[in-house]
Each structure stands twice: as structure tokens, then as C-alpha cells.
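> 1448 is the number that this note's numbering gives the last residue of the sequence shown; the numbers go up by one with no jumps.
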Amino acid sequence: MDSVMERRDYIRIEQLSKVYRGRDGQAVHALQNIDCTIREGSFVTVVGPSGCGKSTLLRILAGLLDYSTGRVAMDGQPILGTRRDVGMVFQSSILLPWRTILDNVMLPAEVLGLDLRKAKVRAFELLEMVRLQGFEHKLPTQLSGGMQQRASIARALLHDPKVLLMDEPFGALDAMTREQMNLELQRIWQMSGKTIVLITHSIPEAIFLGDYVFVMTARPGSLARIIPVDLPRARSLDVMGAPQFVEAARQIRELFNHSASFD
Ligand code: ADP
Ligand code: MG
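#1: Let me make sure I understand the geometry here. Which of Ile1373, Gly1226, Ala1357 has the alpha-carbon closest to that of Glu1313?
#2: Label Met1401 either buried or exposed according to how many other C-beta atoms from any shown protein chain fall within 10 Å of its C-beta, with 16 as the threshold for buried.
#3: Can you check which of these residues, Val1424, Leu1349, Arg1435, is closest to Phe1228 by C-alpha distance?
#4: Taking only runs of the beta strand (DSSP E) that begin and end inside the segment 1375-1430, which ones reach a length of at least 3 residues, in chain order?
#5: Measuring alpha carbon to alpha carbon, tell me which of Leu1292, Ser1329, Lys1323 ends up nearest Ser1277.
#6: Is it buried or exposed, Thr1326, if we count other Cβ atoms within 10 angstroms and call 16 or more buried?
#7: Output needed for Pro1413: all residues of its chain with C-beta closer than 6 Å, excluding positions within five of it in sequence on either side, in chain order.
#8: In three-state terms, what does DSSP make of Arg1256?
#9: Comparing the CB of Lys1203 with every heavy atom of the ligand MG, is any distance shorter than 7 Å?
#10: Just to confirm, does Gly1207 get its C-beta within under 7 Å of one of the non-hydrogen atoms of the ligand ADP?
#11: In the DSSP output, which residue or residues are listed as bridge partners for Val1344?
#12: Can you have a look at Leu1265 and say buried or exposed, based on whether 16 or more other CB atoms are within 10 angstroms of its CB?
#13: To the nearest angstrom, report how far apart Ala1433 and Ile1392 are at their CA atoms.
#14: Given that a residue counts as buried once 16 or more other Cβ atoms are within 10 Å of its Cβ, and exposed if not, what is Asn1289?
#15: Would you tell me roughly how many angstroms separate the C-alpha atoms of Gln1333 and Ala1308, rounded to the nearest one?
#16: Going by DSSP in three states, Gln1200 sits in which element: helix, strand or coil?
#17: Could you pull the start and end residues of the alpha helix (DSSP H) that Asp1209 belongs to?
#18: Using 10 angstroms around the beta-carbon of Thr1385, count the other beta-carbons present and answer buried if the total reaches 16, otherwise exposed.
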């Protein structure tokens, strides 16, 4: 596999700031002067204190939210709204309870007006990739939380986006299921070649999955540090005991403690 280092930048963020205006007119400075680039095909994870602007950043990248100052570009074009080259996965599975798993995965095809026959072939392939073959005609409530999130990932990939944005996708799962999902997601990423930006509360999850861990400061969120994780792929859960893993976790905790003192 070619090195991530040789790939082009897919996302460029320059001097990005976001100020929310509350209804009372009060300003909430959510993001301040974020500068970073994300290479095509890389896996970036984002950690930071609660309320530091992680979801705000992701919603801006998804084109769901406008920003106050700075520049944000994807594939060389400024982000002006939602884009076809982006898929999004949220914390709680937002599958429609009355539709089967297959029909949920097919939803973007209906919304985006894709060729339904081709989309259906792809939906079956994706459901196989996330290991849900045989569950196509079940309803979401007949699946476990982890399976529902795998269906959400399949749905986010249906229109073959270049970028997958994930906002604490495994936050609602128990620890064991979560570790299995981390292994699954690594496999899906390696198979699909997508660029992934994943927000998490879990420092081990961030290090396990990331080529780079973006560590944010407390609000207004800025980038405290970018920590490269050079551990070889495919990583097994044992990697969590490796000296480099432990050292990265220590660095991140230290940044958190430092950040909290400004709260
Ligand atoms: P995180 O995902 O890191 O927990 P968020 O991006 O959700 O943080 O929020 C960052 C800050 O912006 C928080 O202080 C939050 O209360 C505030 N915020 C988020 N959305 C809005 C909004 N629509 N209006 C005003 N303030 C908001
Ligand atoms: Mg959030």
C-alpha cells in the first residue's frame, strides 16, 4: 500500500473560527483559528474536552453549518453546503425504525436520486462488508447497537463518498462491543480507502484508529497538537500495550490536564 505521506491533501482548514450567536445575542466562541490539512485516504481522529467544538468542526466539514472566519476547502473547493463526496455517521444510530436494514441503507439513493438498481447491488455489497449479510430484511430493533451502527456506516457509504465523517459513532456502545467495532472500522477503512475523520471521547480509540490524533483545547477549541501514530496496520487490540501507544496516551492526557486548567 502506498504511504499516507505521499497522498494529496483532501481537506484544508485555514484560520477557521466559529462564533455562535445565542438568541439573547450573546456570542459563544466555539472554534478559534484552526489550521490543519487532512490527506486523502488518511484516518484522522479528534479528541478534546466536552464542549470544545468537535461537533461544530465536523458539521462545518459536512457543510451543515457555516463558519465565521477562515477558509475550509475539500478537494480544492470551498465548502459551501452539503456535498456528494461526504458521508456522515452520528453517535446514535439514526436508522428509521419502520424500514428494513436494506431500505435504510438505500435511503441516500432515494434522497440523491441515484439509479436504484445499481444502488441496491451496492447496498448488498456494503452490508456484506460490514458483516450484516442475512440481516437485510430485519428491522433496526431486531439488531444489536453495534449492528445498527454498522448499518449506519453502510448507509453513509452508499453514494461512495470520498470522506466519511463520524461524530462519536461508538459512544453509546459497551466497551467490548466498542473494541470490536474499532477492529471492524479499521478493516472497513483499509478495504474502502476512504478518508475518515472520527470524533471520540476515548483516548485509546483515538490512538488505535488514527494515523493522526488531533487534540483540541477547551473552548474556544483550537488545535493543541497533532500526534502522529506510526504503529503498523492492521493493528490488533494488543497494540494498546505497545510503548508508543502508551506514550501517545500519556501526551494526550497531559494536554487535557493543561487544557482543563483554563476552564
Ligand atoms: P463538542 O462536540 O466538542 O462537545 P460542540 O461543537 O457541540 O462541542 O459545541 C461547542 C460549543 O458551542 C459548546 O459550548 C456549545 O454549547 C456551543 N454550541 C453548540 N451549538 C450551538 C448553537 N447552535 N448555538 C449556540 N451555541 C452552541
Ligand atoms: Mg459533540
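Don't be surprised by glycine CBs; every beta carbon is placed ideally from N, CA and C.
All values reported here derive from a predicted model rather than from experimental measurement.
The short version:
#1: As a working mapping, residue 1313 is identified with position 128 in the sequence shown. Residue Ile1373 is the option with its Cα nearest to Glu1313.
#2: As a first step, residue 1401 is located in the sequence shown; it is residue number 216 there, counting from the start. Counting Cβ neighbours within 10 Å, Met1401 comes out buried, since at least 16 surround it.
#3: In the sequence shown, counting from the first residue as 1, residue 1228 sits at position 43. Nearest of Val1424, Leu1349, Arg1435 to Phe1228, Cα basis: Leu1349.
#4: 1380-1384, 1397-1401, 1408-1413
#5: Residue mapping note: residue 1277 aligns to position 92 of the sequence shown, counting from 1. Among Leu1292, Ser1329, Lys1323, the Cα nearest to that of Ser1277 belongs to Ser1329.
#6: Indexing the sequence shown from 1 puts residue 1326 at position 141. Looking at its Cβ environment, which holds fewer than 16 other Cβ atoms inside 10 Å, Thr1326 is exposed.
#7: As a first step, residue 1413 must be located in the sequence shown, where it is residue number 228. Excluding sequence neighbours, Pro1413 sits near Tyr1397.
#8: Taking the sequence shown and counting its residues from 1, one reaches residue 1256 at position 71. It is a strand residue.
#9: Here the question's residue 1203 lines up with position 18 in the sequence shown. Answer for Lys1203: no, Cβ out of range of the ligand MG.
#10: Translated into the one-based positions of the sequence shown, residue 1207 becomes position 22. Flag set: Cβ of Gly1207 near the ligand ADP.
#11: If you number the sequence shown from 1, residue 1344 lands on position 159. The identity of residue 1344 in the sequence shown is His, whereas the question assumes Val. Its beta-bridge partners do not exist; DSSP assigns none.
#12: Within the sequence shown, numbered from 1, the residue matching residue 1265 stands at position 80. Its Cβ having fewer than 16 others within 10 Å, Leu1265 is exposed.
#13: As a working mapping, residue 1433 is identified with position 248 in the sequence shown. As a working mapping, residue 1392 is identified with position 207 in the sequence shown. Cα to Cα, Ala1433 sits roughly 7 Å from Ile1392.
#14: Position 104 of the sequence shown, counted from the first residue, corresponds to residue 1289. The residue in question, Asn1289, is buried, as its Cβ has 16 or more Cβ neighbours within 10 Å.
#15: As a working mapping, residue 1333 is identified with position 148 in the sequence shown. As a working mapping, residue 1308 is identified with position 123 in the sequence shown. Cα to Cα, Gln1333 sits roughly 15 Å from Ala1308.
#16: In the sequence shown, counting from the first residue as 1, residue 1200 sits at position 15. If DSSP states are grouped into helix, strand and coil, Gln1200 belongs with the strands.
#17: Within the sequence shown, the letter at position 24 stands for residue 1209. Careful: Asp1209 lies outside any alpha helix (DSSP H) and carries neither H nor E.
#18: Against the sequence shown, residue 1385 aligns to sequence position 200. With 16 or more other Cβ atoms within 10 Å, it is buried.
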